[in-house]
Structures are given as C-alpha cells and as structure tokens.
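I have placed the structure first, in the form of structure tokens, so that the comments after it can refer back to it.
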Amino acid sequence: MTQSLYEQDILLWAEDTVAKLKARDFEHLDLEHLIEEVKALGISQRECADTSSSNTSR
C-alpha cells in the first residue's frame with residue numbers, strides 16, 4: 001500500500017497544502033489530514049493559553 005504525502009513527509013505535505021490553498025485548488029486538498037491538523041493546532045493553542053494564564057495568576 002502506498003503511503004500518502006502526509007505519512008511520508010509532513011513538512012512537505014504542509015507546504016503542498018499551503019500552495020494548494022493559495023491557488024484555491026480546493027479539489028485536491030487532503031481534507032482529512034488538514035482537518036486533523038487544524039483541530040490539533042486549536043487544542044495546542046488552548047492548552048498553551050491555559051498554561052500561560054495559570055502561570056500569571058500565581
């Protein structure tokens with residue numbers, strides 16, 4: 001079974017995804033992994049904000 005670009009090289013996948021978004025090439029986006037990454041980014045940012053606010057309240 002062939003690995004996807006996401007599975008082979010996530011940095012190259014991210015660059016390719018950005019290029020496709022800029023070109024408005026929505027038809028060829030890897031939506032499954034893009035959604036997964038955006039969701040993970042939101043969770044990471046929330047955790048960072050929570051940690052930051054708990055450190056300043058001490």
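For the sequence shown, our numbering begins at 1 and goes up steadily by one.
Glycine included, each C-beta is placed from N, C-alpha and C at the ideal position.
{"query": "For the pair the region 1-8 and the region 26-42, tell me if three or more CB-CB distances fall below 8 Å.", "result": "yes"}
{"query": "I'd like to check one pair, H28 with K20: are the Cβ atoms closer than 8 Å?", "result": "yes"}
{"query": "Once you ignore the five residues that flank A49 on each side, which residues in its own chain have a CB closer than 6 Å to its CB?", "result": "none"}
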